[in-house]
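See structure below.
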Amino acid sequence: MNPTPSQTVGPFYGYALPFPGGGTIATGGIIVHGHVYDGAGAPVPDALLEFWQASPSGDLTGAPGTLRRDAVNGALLGRNGVDFTGFGRVATDADGRWTLRTLVPGNGYISVCVFARGLLHHLYTRIYLAREDFPDSLPPERAHTLLATPEREGVHRFDVHLQGEKETIFFDLG
Amino acid sequence: MPTPPTQADIDREIAELRELRELRATEDGEGRDHPPRDYAPYRSTALRHPRQPLIALKDPDAAELTGPVFGVTDVAALDADLTRQHLGEPLGERITVRGRVLDRNGRPVRGQLVEIWQANASGRYPHRRDDHPAPLDPNFTGVGRCLTDGDGGYAFTTIKPGAYPWRNHVNAWRPAHIHFSVFGTAFAQRLVTQMYFPNDPLFPYDPILNSVTDERARQRLVAAYEHDLSVPEWSLGYRWDIVLDGPAATWTEENR
């Protein structure tokens, strides 16, 4: 069957898609943060990033409960802090910045799906914490765009450049 | 400030790009199911599309071949009825939208999250950055969620959204639409898209819809009015099925 075409997330997803604790997959692990930039180097204040990753043991089964709800009034409670759901979602702030709190993935990378106003079809990239985990297929001159920079113990910086000199590697997953 | 483009300028660009993409598709079999990320008539794409080619990743162990899971803890009963989320009832034409989420082999995507958001009947979003001077509706937020059932089915009760202006060019109007966010069994099947209503006179003028240059693919974004889905004395019914794209590897694996 032919797939349903993609369309942009638009500018007004902000009251629908982000949820409390979306950027905190787990506490007590690492912080990865950065900006999203456009081709002119300007921050993108209306991007939405989704993260999907393995648990520290490399397990990719995930768990429900990312959007856990109060059984009485339906309010969003957020994660219970015990189950590792593996999924996060963060909207960039007015400065184009995002922050993710999570655990180190057992397979070395965090998958990222980028949505934005002006982006008609989302993009996939990956955050790697170490070069040794890079796949073979990366163009050597651009591979560094997938490597998070350690800033201090447990804090890593990862910027997404949608276009331009520093353009991030985006994947075709087939 | 450069002069903002007129509708005629945008119409010309839409026609040119459609013709160009038809030619290219015949030559190299480039896919036409999805819009190109570089699509000039939608002005915001200019600085937000990558110029480098995507890097093919073929890894049977890729994390993207699996994906997040959701369950009954993640949705509340009233999430799928956007007309009952406030003390009063929203204004507008009440509708029900139903359909199935399928993979490319036509198999249902079961127990997965479907999220929607939309403008109210007047074409206004309750978003700080929406300054369209149309009335907000205190009884309508325009956000819904549900999990697909055992047949991949989803259903929402809502009101028909209004068209609204935007500033892509002079006199730019978006056709009425509902935004959909859908998960498959693999992160690589992720889809965010928009559902349109049949026979909207604004279709030819909208660069976002027309970024899908293939007519048949564009039609897949348009719901069908289905009289049997209309609820007597209550709501008008629309059907819209969603087919998720995704890597070949996910097509042959048995679903969870």
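If you're matching them up, the sequences are chains L and H in order. Per our numbering, the first sequence starts with residue 73, numbered consecutively. Per our numbering, the second sequence starts with residue 15, numbered consecutively. For glycine and all other residues, C-beta sits at the position ideal for the given N, C-alpha and C.
(1) Where do the N-terminal and C-terminal ends of the beta strand (DSSP E) with I182/L fall, by residue?
(2) Taking contact to mean 3 or more Cβ pairs, one atom from each stretch, closer than 8 Å, check whether the stretch 220-229 of chain L and the stretch 80-87 of chain H are in contact.
(3) Where do the N-terminal and C-terminal ends of the beta strand (DSSP E) with A163/L fall, by residue?
(4) Could you tell me which chain H residues have their CB closer than 8 Å to the CB of P207/L, listed as they occur along the chain?
(5) Which chain L residues are close to P82/H, counting only those with a beta carbon under 8 Å from its beta carbon?
(6) Spell out whether any CB of chain H is found under 7 Å from the CB atom of R151/L.
(7) Determine the chain L residues that contact L92/H at a beta-carbon separation under 8 Å, and present them in chain order.
(8) Measuring alpha carbon to alpha carbon, tell me which residue in L258/H, D242/H, D259/H and P261/H is nearest Y252/H.
(9) List, in chain order, every chain H residue whose beta-carbon is nearer than 8 Å to that of I102/L.
(10) Is it the case that the Cβ atoms of R230/H and T76/L are separated by a distance below 7 Å?
(11) Relative to the C-alpha of G168/L, which residue among V144/L, G113/L, L219/L and L218/L is closest?
(12) Taking 7 Å as the CB-CB cut-off, is G85/H touching chain L?
(13) Using a cut-off of 9 Å between C-beta atoms, extract the partners of E231/H located in chain L.
(14) Are the beta-carbon atoms of G198/H and G260/H separated by less than 7 Å?
(15) What's the call for S195/H, buried or exposed, on a 16-neighbour Cβ count within 10 Å?
(16) Can you name the residues that DSSP bridges to E129/H?
(17) For D255/H, collect the residues of the same chain with a Cβ closer than 7 Å to its Cβ; drop the 5 residues on either side in sequence, then sort them by chain order.
(18) With three or more C-beta pairs closer than 8 Å as the rule, is the stretch 149-168 of chain L touching the stretch 26-36 of chain H?
(19) Using a cut-off of 9 Å between C-beta atoms, extract the partners of R189/L located in chain H.
(20) Going by DSSP, which residues form a beta bridge with Y200/L?
(21) G86/L to I192/H, Cα distance in whole Å?
(22) Please classify V144/L: is it buried, with 16 or more other beta-carbons within 10 angstroms of its beta-carbon, or exposed?
In brief:
(1) To locate residue 182/L, count along the first sequence from 1; it is residue 110. Residue range Y181 to A188 is occupied by the beta strand (DSSP E) that includes I182/L.
(2) Short answer: they don't touch.
(3) Translated into positions along the first sequence, residue 163/L becomes position 91. From DSSP, the beta strand (DSSP E) with A163/L extends over F159 to A163.
(4) Along the first sequence, one-based indexing puts residue 207/L at 135. Correct list: L71 and D73.
(5) For the purposes of this step, residue 82/H is identified with residue 68 of the second sequence, where counting begins at 1. Chain L residues near P82/H: W124, G134, T138, T157, G158 and F159.
(6) The residue given as residue 151/L occupies position 79 in the first sequence. Closer than 7 Å to the CB of R151/L there is not a single CB belonging to chain H.
(7) Here residue 92/H corresponds to residue number 78 of the second sequence, with the count starting at 1. Neighbours of L92/H on chain L, chain order: G146.
(8) The residue you call residue 252/H lines up with position 238 of the second sequence. Nearest to Y252/H by C-alpha distance, out of L258/H, D242/H, D259/H and P261/H, is D242/H.
(9) Residue numbering aside, residue 102/L sits at position 30 when the first sequence is read from its first letter. Against chain H, a Cβ distance below 8 Å from I102/L picks out nothing, because the smallest value is about 17 Å.
(10) On the second sequence, position 216 is the one that residue 230/H refers to. On the first sequence, position 4 is the one that residue 76/L refers to. No; because the gap between Cβ atoms is not below 7 Å, this pair is not in contact.
(11) What you label residue 168/L is simply residue 96 of the first sequence in a count that begins at 1. Closest option to G168/L, Cα to Cα, is G113/L.
(12) Counted from its first residue, the second sequence places residue 85/H at position 71. Closer than 7 Å to some Cβ of chain L, the Cβ of G85/H qualifies, so yes.
(13) As a position in the second sequence, residue 231/H is number 217, starting the count at 1. Correcting the residue identity first, residue 231/H is Ala in this sequence and not Glu. Result: N74, P75, T76 and P77.
(14) Counted from its first residue, the second sequence places residue 198/H at position 184. Counted from its first residue, the second sequence places residue 260/H at position 246. It is a contact, given that the beta carbons lie within the stated cut-off.
(15) Here residue 195/H is taken as the residue at index 181 of the second sequence, counted from 1. Counting C-beta atoms within 10 angstroms of its own C-beta, S195/H has 16 or more neighbours from the protein chains shown and is therefore classed as buried.
(16) Counting from one through the second sequence, the residue named residue 129/H turns up at place 115. In DSSP, E129/H forms a bridge with R159/H and S195/H.
(17) Within the second sequence, numbered from 1, the residue matching residue 255/H stands at position 241. The answer, listed in chain order, is G113, R114 and L116.
(18) No, the stretch 26-36 of chain H is not in contact with the stretch 149-168 of chain L.
(19) The residue you call residue 189/L lines up with position 117 of the first sequence. By Cβ distance, chain H contributes S58 and R62.
(20) Position 128 of the first sequence, counted from the first residue, corresponds to residue 200/L. According to DSSP, Y200/L shares a beta bridge with Y181/L and L219/L.
(21) As a working note, residue 86/L is residue 14 in the first sequence. As a working note, residue 192/H is residue 178 in the second sequence. A direct Cα-Cα distance of roughly 15 Å separates G86/L from I192/H.
(22) Start at 1 with the first residue of the first sequence, and residue 144/L comes out as number 72. Exposed, by the Cβ-count rule.
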